[in-house]
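Straight run, no breaks: the sequence shown in this note's numbering ends on number 241.
See structure below.
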Amino acid sequence: MKTITLAFVALLVGVNSLPHHAPKANVKKEKIIDGIVINIIERIAEHIQGLGLDPLVIDKFDGEYTFPVDGIFSGSVSIENFESSGLSNIVVNEVSFKHSTLSFDISLPSIDSFIGDVSVEVHILRRKLFGEGSGRLNIKDLRFAGQVTIGSEKLIKDLNLAFSLGDIESDLHVNILGYDISNRLNEYLGKTLPSQLKKYEEKLNRVLANFILKVLDRLFYE
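Dropping the structure here:
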């Protein structure tokens, strides 16, 4: 996966450094870039499946952690019958490379998760906190679109992102400290969260793009 990505980066730099006085040659190279991007996305999907993340099935899991200093913190979690699918179903709506700009539009139609039972118990400074839950959560139409501008001196000159979420269907049953918070949680996940993401969509996309650019700068220039 790393080899493919590095080869793609090298090809982007090479294509961008070529003169733009041969339109037919440029069109051919742009189509090659399109094909490589699509191939990388397909390989990512295969890698997710190869790691056992789609579908992800956990029949039973028990874990615990205790802070090295006695009495500060300890916790345990137990999970039974957890299933998740759809993470590798990456749909390429559009990929095009023209005039040093890579445009992309990919989506995840549906990520469906089900959990038979989960229980958590935490001890903080001798205070006991506990909860349990079960149910189903379906995330629909996750979409990532944008444009990447390739520079001559700097690999990624500019990045514009457009992240959007279609819908969340939540049918969770959660009890915390003996209180049933299922209705409030489902209301928040199904209505409040999507509307808040849409409300602050522009700001979130800008923050995410800046974060990615900083990560890329550290990878390639430090």
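We put the beta carbon where it would ideally sit given N, CA and C, even for glycine.
Does residue i come out as helix, strand or coil in the three-state DSSP assignment?
{"i": "N179", "result": "strand"}
{"i": "K87", "result": "Reading off the sequence shown, one finds Pro at residue 87, where the question assumed Lys. Looking at P87 - three-state DSSP - the assignment turns out to be coil, as it is neither helix nor strand."}
{"i": "R162", "result": "strand"}
{"i": "N205", "result": "helix"}
{"i": "G170", "result": "coil"}
{"i": "I109", "result": "coil"}
{"i": "H118", "result": "coil"}
{"i": "I200", "result": "coil"}
{"i": "R225", "result": "helix"}
{"i": "D186", "result": "strand"}
{"i": "R146", "result": "strand"}
{"i": "D73", "result": "coil"}
Using the rule of at least 16 other Cβ atoms within 10 Å of the residue's Cβ for burial, across every protein chain shown, is residue i buried or exposed?
{"i": "D53", "result": "buried"}
{"i": "N229", "result": "exposed"}
{"i": "I77", "result": "exposed"}
{"i": "N202", "result": "exposed"}
{"i": "I169", "result": "buried"}
{"i": "L70", "result": "exposed"}
{"i": "L180", "result": "buried"}
Look at the Cβ atom of residue i, then the Cβ atom of residue j, and state whether they are nearer than 8 Å.
{"i": "D124", "j": "N112", "result": "yes"}
{"i": "R155", "j": "S138", "result": "no"}
{"i": "K159", "j": "S129", "result": "yes"}
{"i": "N157", "j": "I134", "result": "no"}
{"i": "G165", "j": "L174", "result": "no"}
{"i": "L127", "j": "I67", "result": "no"}
{"i": "S183", "j": "E220", "result": "yes"}
{"i": "L216", "j": "L227", "result": "no"}
{"i": "V56", "j": "T120", "result": "no"}
{"i": "S104", "j": "D136", "result": "no"}
{"i": "I152", "j": "L212", "result": "It should be pointed out that residue 152 corresponds to Gly in this sequence rather than to Ile. The answer is no: Cβ separation not under 8 Å."}
{"i": "F80", "j": "H142", "result": "no"}
Worksheet item: Would you call the segment 161 to 178 and the segment 96 to 103 touching, i.e. three or more CB-CB distances under 8 Å?
Response: no
Worksheet item: Is it true that the segment 184 to 195 meets the segment 207 to 226, where meeting means three or more beta-carbon pairs spaced less than 8 Å apart?
Response: Three or more pairs of CB atoms, one per stretch, sit closer than 8 Å, so the segment 184 to 195 contacts the segment 207 to 226.
Worksheet item: Three or more C-beta pairs closer than 8 Å, one from the segment 144 to 152 and one from the segment 72 to 86: is that the case here?
Response: no
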